[in-house]
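Sequences listed follow chains Y and V, in order.
The first sequence begins at 1 in the working numbering and counts up one residue at a time.
The second sequence begins at 1001 in the working numbering and counts up one residue at a time.
Every residue, glycine too, gets a C-beta built ideally from N, C-alpha and C.
Structure, as structure tokens:
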Amino acid sequence: GAVVSQHPSWVICKSGTSVKIECRSLDFQATTMFWYRQFPKQSLMLMATSNEGSKATYEQGVEKDKFLINHASLTLSTLTVTSAHPEDSSFYICSARPPSGRGPVAGANVLTFGAGSRLTVL
Amino acid sequence: QKEVEQDPGPLSVPEGAIVSLNCTYSNSAFQYFMWYRQYSRKGPELLMYTYSSGNKEDGRFTAQVDKSSKYISLFIRDSQPSDSATYLCAMETSGSRLTFGEGTQLTVNP
């Protein structure tokens, strides 16, 4: 089945530094990928939609300059947390829709998630 | 009012129990209904996918959708400690973003 891979799975950084998280669709092409943020014991919050070859679409309240998204190829989207601060510590999860027939449900393009990246800012 | 309501729990049951998880929603345009399972510090994985009212069974799991009542359920039979996780309901219309419930934290005690 279709796989979405994230790297790193856990990163610790100092306050003020920038951190890059990669999201790859391993066996399918994804013109669109989605980035979510999840705080402990809370649900997933959509941050932005990453579009291959064009600007990302950010959800209301998400700082574009803080969370830089680049979707340079059909299999890779990156999220860069710039000048990270402790309040940016969270679990970041990316997702993509495999084409119908490649995903977990035959005949449907259901959202498939990466394993997530845990960011801890000291 | 949230578009999707889900009791966050936590829910604790003994091994072998039948677990019932539920979500209600307000947007009658939702067409596709999913249940995801999320283990601690992992991404969500799809458990069940339905697009019509009725029941769908997969092993120990049964998903139920009642569009007239805007209510969906997930039943887990013969629950196992390995079922301990957070269960998220999710739904969408065609081409829309996925809307998640808050997630229910389930613990199955041996």
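Asked                                                                                                              : Found
Test: proline 98 of chain Y CB closer than 8 angstroms to a CB of chain V                                          : no
Chain Y contact residues for tyrosine 1025 of chain V, given Cβ-Cβ distances below 9 angstroms                     : Near tyrosine 1025 of chain V there are no residues of chain Y at all, since even the closest Cβ is about 14 angstroms away, more than 9 angstroms.
Positions along the stretch 1019-1048 of chain V whose CB lies within less than 9 angstroms of some CB in chain Y  : Tyr1032, Met1034, Tyr1036, Gln1038, Arg1041, Lys1042, Gly1043, Pro1044, Glu1045, Leu1046
Spatial distance of cysteine 94 of chain Y from cysteine 1023 of chain V (CA atoms)                                : 24 angstroms
Beta-ladder partner(s) of serine 1073 of chain V, from DSSP                                                        : V:Asn1022, V:Gln1064
Residues within the stretch 63-83 of chain Y neighbouring chain V, beta-carbon criterion of under 8 angstroms      : none
Nearest candidate by alpha-carbon position, reference glycine 1 of chain Y, set Y:Val81, Y:Phe91, Y:Ser83, Y:Phe28 : Y:Phe28
Pair within 8 angstroms by beta-carbon distance, alanine 56 of chain Y and histidine 71 of chain Y                 : yes
Three-state class that DSSP yields for aspartate 1058 of chain V in the structure shown                            : strand
Simplified DSSP assignment, three categories, for proline 99 of chain Y                                            : coil
Counterpart residues of alanine 48 of chain Y in DSSP-defined beta bridges                                         : Y:Trp35, Y:Tyr58
8 angstroms Cβ cut-off: residues of chain Y touching phenylalanine 1100 of chain V                                 : Ser43, Leu44
Option nearest serine 1094 of chain V by Cα separation, candidates Y:Leu76, Y:Asn109, Y:Lys64, Y:Thr31             : Y:Asn109
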